[in-house]
Amino acid sequence: MPNIITYFTVTALVNALTTGILGIVTLWSSRKNRVAKYVAFFCFSLFIWASCYFIWLISSNPAHALFWVRGMMVGAILIPVSMIHMTFVFLNIDFKRSVKIFLGICYALALFFLLTIPFGGIVAKVAPRLQFRYWPIGGWMFTPYIIEFFIIVFIAIGLLFQKYTKSIEKEKRQVGIFLLGIIIALVGGSTNFLLWYNIQIAPWGNGLVAVYAVLTVYAIMRYGFLSLAVLWTDIFLGTMTILVGVDVLITSDHYERIFRFILFIMVVIFGILVAQSTRREVRRREELARLDVLKNSNAKLAGLNLKLKQSNKKLERANLYLQKLDTQKSDFLSIAAHQLRTPLSVIKGYIDLLSDHRFAKTKKKREKTLNAININNERLIDLVDQFLDIATIEEKGIIFHIEPTKLQTLIEQSIKSVKAKAKEKGIIISYTKKNIPLVSADSKRVSEVIQIILDNAIKYNTRKKGKIRVVLTKKNNGVACRITDNGIGFDPEDEAVFFKKFSRGINAKTINVNYGTGLGLFIAKKFISGQGGNIWAKSSGRDKGSEFGFWLPKV
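Next comes the structure, spelled out in structure tokens:
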């Protein structure tokens with residue numbers, strides 16, 4: 041036999057052994073895996089083609105050669121359809137309706153081509169070409185089959201290339217190996233078709249088919265259904281078993297055959313034991329790997345759970361804060377509506393009186409009316425000032441002009457400004473002058489704080505003989521100002537809310553006062569704490585009076 045024919049018979053035998061063993065090992069190792077099933081289908085298609093190819097080349101007559109060539113084309117027709125189906129399953133798109141329709145067309149065409157084989161549709165006859173004694177001559181359906189073959193191959197290449205460009209890291213390598221295998225198959229397989237069209241080039245690419253099969257199975261295997269150790273172990277043991285079995289069949293000596301048959305049985309038993317041992321070891325390693333992954337996952341989940349708990353706490357705090365803001369908003373709207381409406385209504389009423397010429401004729405009445413308008417106007421100005429102070433505090437912060445300040449002077453001025461209001465309610469304000477050191481403070485802001493505390497002491501004192509006492513004392517390298525009264529007092533739980541925005545004590549809410557925003561003490565605290573001091577509220581209980589005071593550092 042010429043050397044060229046020897047090359048093709050050897051490569052055909054290698055292709056048949058490689059694809060047959062790969063198909064059996066893949067199917068046996070992962071029977072429940074759907075990807076493995078289509079890999080095995082693809083390998084068996086190659087096996088049919090390669091084994092018939094080998095027998096055809098060693099055929100001794102034209103009839104025998106024609107039979108095996110047509111058998112070879114059975115595998116060749118199944119190769120493209122099994123390859124595209126395997127590709128769709130590998131890419132996990134075989135469930136799509138369009139893919140199912142396309143696969144149905146491919147299988148229908150394959151069945152049609154298979155049915156034409158006995159009638160010479162694919163192979164009409166065999167004839168000598170180059171060094172081949174019985175080269176197949178294509179029939180009337182051979183060219184349509186070739187067109188179908190290349191269409192399917194190019195579709196598979198296109199889909200895999202698209203997947204390759206979108207994949208990352210390990211998956212990218214897997215798809216890349218699979219894509220390389222198909223390209224090798226295209227190059228190697230194409231050399232088989234040239235001589236069919238009387239192009240004088242032998243099918244030298246046949247040797248690449250085994251490489252294509254190995255690369256494809258390796259790529260799919262790395263996709264996750266088969267271990268590399270299991271694969272190579274099974275291939276080695278399968279090859280050894282086949283070789284020993286063939287040796288038994290070709291031995292002519294009777295006693296030698298018995299000895300080699302016993303050896304064959306031992307190889308089979310040894311192979312099974314080694315294969316099972318390898319699988320157990322692989323499963324153990326996979327379980328350990330899964331445990332490590334699970335451990336890492338649990339650690340990550342624990343971390344995520346901790347972060348989730350922290351986030352939940354933050355959300356709870358944020359929710360409480362939002363609820364608080366919502367309550368403050370409602371309080372603000374209620375206070376603003378009431379406190380603005382009251383003085384405006386009074387002013388409007390007095391303006392209407394002034395519009396009455398008969399009423400306005402009396403000078404005394406006019407002066408009294410104008411005075412009332414002025415008082416209510418001042419109330420509006422004070423209210424707006426408080427709102428502006430809040431806006432300044434929360435948006436820009438407070439700028440203090442700290443300088444040596446004499447608290448006695450500020451107290452005297454504040455008492456003077458509220459004296460008329462106190463006298464109107466029958467409240468006596470007492471203050472004893474003492475030699476007190478200067479403090480570091482913003483005189484304007486401190487004066488506002490004293491005014492706020494004195495206003496509250498007057499406003500919430502319902503006794504017929506109300507008393508307010510202002511005392512200055514040295515304390516902790518500073519000066520403390522205490523303003524006590526014998527008014528309504530408050531319970532201990534009210535202390536926590538006095539210095540919050542829009543908050544008034546429970547006892548204070550029972551008193552019908554002309555105005556009260558719940559902002560005064562909040563502003564007072566901001567003013568005092570901003571100057572390095574502190575402010576407080578004390579009471580022995582309801583109807584037992586109260587003490588509001590503050591402390592500022594001395595110069």
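Take 41 as the starting number for the sequence shown in the numbering used here and just add one per residue. Glycine included, C-beta positions come from ideal geometry on N, C-alpha and C. Nothing here was measured: the structure is a model prediction, and the numbers come from that model.
Discussion item. Bridge partners for residue 209 per DSSP, in chain order?
Written reply: For residue 209, which the question treats as bridged, DSSP gives no partner whatsoever.
Discussion item. As an exercise, report each continuous beta strand (DSSP E) stretch of at least 3 residues that is fully enclosed by the stretch 472 to 515, in chain order.
Written reply: 479 to 481 and 506 to 515
Worksheet item: Is residue 21 buried or exposed, if buried means 16 or more other CB atoms sit within 10 Å of its CB?
Response: No information on residue 21 is available, as it lies outside the stretch 41 to 595 that the chain covers here.
Fill in: residue 534 (DSSP reduced to helix, strand or coil)
helix
Worksheet item: Beta carbon of residue 249, beta carbon of residue 90: below 8 Å?
Response: yes
Practice prompt. Measure the alpha-carbon distance for residue 180 versus residue 254 and round it to whole angstroms.
Written response: 34 Å
Worksheet item: Comparing alpha-carbon positions, which option in 532, 589 and 208 lies nearest residue 521?
Response: Closest option to residue 521, Cα to Cα, is 589.
Discussion item. If you follow the beta strand (DSSP E) that residue 174 is in, where does it begin and where does it stop?
Written reply: 172 to 178
Practice prompt. Compare the Cα-Cα distances from residue 187 to each of 230, 76, 489 and 220 and report the closest residue.
Written response: 230
Worksheet item: Who are the Cβ neighbours of residue 102 in its own chain at under 7 Å, not counting the five residues just before and after it?
Response: 166 and 174
Fill in: Close-in-space but distant-in-sequence residues of the same chain around residue 42 (CB under 8 Å, 5 per side omitted)
Caution applies to residue 42, whose pLDDT of 47 falls short of 50 and renders its modelled position unreliable; the model cannot decide the point.
Discussion item. Whether or not the stretch 192 to 208 and the stretch 115 to 135 are in contact is what I'm after, with contact meaning three or more pairs of Cβ atoms, one per stretch, closer than 8 Å; do they touch?
Written reply: yes
Worksheet item: In whole angstroms, what separates the C-alpha of residue 77 from that of residue 152?
Response: 24 Å
Fill in: residue 221 beta carbon less than 8 Å from that of residue 245
With respect to residue 221, residue 245 sits apart: the two C-beta atoms are not nearer than 8 Å.
Discussion item. With H, G and I counted as helix, E and B as strand and the rest as coil, what does DSSP make of residue 107?
Written reply: helix
Discussion item. With distance defined between alpha-carbon atoms, name the residue in 239, 243 and 119 nearest to residue 48.
Written reply: 243
Fill in: Inter-residue Cα distance where the pair is residue 453 and residue 348
Spanning the two alpha carbons is a distance of roughly 57 Å.
Worksheet entry | For residue 598, three-class secondary structure by DSSP | As shown, the chain starts at 41 and ends at 595. That puts residue 598 outside it, with no answer to give.
Worksheet item: Where residue 497 and residue 523 are concerned, what is the direct C-alpha to C-alpha distance, given to the nearest angstrom?
Response: 8 Å
Worksheet item: Under a Cβ-count criterion, where at least 16 other Cβ atoms within 10 Å of its own Cβ denotes burial, should residue 596 be classed as buried or exposed?
Response: In this structure the chain extends from 41 to 595, so residue 596 is not present and cannot be described.
Worksheet item: Identify the residues that DSSP records as bridge partners of residue 163: which are they?
Response: 178
Worksheet item: So what's residue 265 in DSSP terms, helix, strand or just coil?
Response: With a pLDDT of 46 at residue 265, under the threshold of 50, the modelled position of this residue cannot be trusted, and the question is left open.
Worksheet item: Thinking C-alpha only, which one of 168, 133, 118 and 157 is nearest residue 146?
Response: The option with the nearest alpha carbon to residue 146 is 118.
Worksheet entry | As assigned by DSSP and simplified to three states, the class of residue 444 | strand
Fill in: Inter-residue spacing [alpha-carbon to alpha-carbon] between residue 184 and residue 156
C-alpha separation (whole angstroms): 12 Å.
Fill in: Range covered by the beta strand (DSSP E) that runs through residue 4
As shown, the chain starts at 41 and ends at 595. That puts residue 4 outside it, with no answer to give.
Fill in: Candidates 120, 138 and 527: closest to residue 502 by CA position
527
Worksheet item: By Cβ distance below 8 Å, which residues in the same chain neighbour residue 237 in space, the five residues on each side in sequence not counted?
Response: 178
Worksheet entry | Residue environment, residue 232, which counts as buried when at least 16 other CB atoms sit within 10 Å | By the neighbour-count rule (16 or more Cβ atoms within 10 Å), residue 232 is buried.
Worksheet item: Does the Cβ of residue 144 have 16 or more other Cβ atoms within 10 Å, making it buried, or fewer, making it exposed?
Response: Here residue 144 is exposed. Its C-beta has fewer than 16 other C-beta atoms within 10 Å.
Worksheet entry | residue 467 in three-state terms, based on DSSP | strand
Discussion item. Taking contact to mean 3 or more Cβ pairs, one atom from each stretch, closer than 8 Å, check whether the stretch 483 to 491 and the stretch 566 to 581 are in contact.
Written reply: yes
Discussion item. Can you give me the C-alpha to C-alpha distance between residue 169 and residue 235, rounded to a whole angstrom?
Written reply: 8 Å
Discussion item. Give me, in chain order, the residues of the same chain whose beta-carbon lies closer than 6 Å to that of residue 81; leave out the 5 immediate sequence neighbours on both sides.
Written reply: 122
Worksheet item: Which one of 100, 72, 56 and 138 has the shortest CA to CA distance from residue 112?
Response: 56
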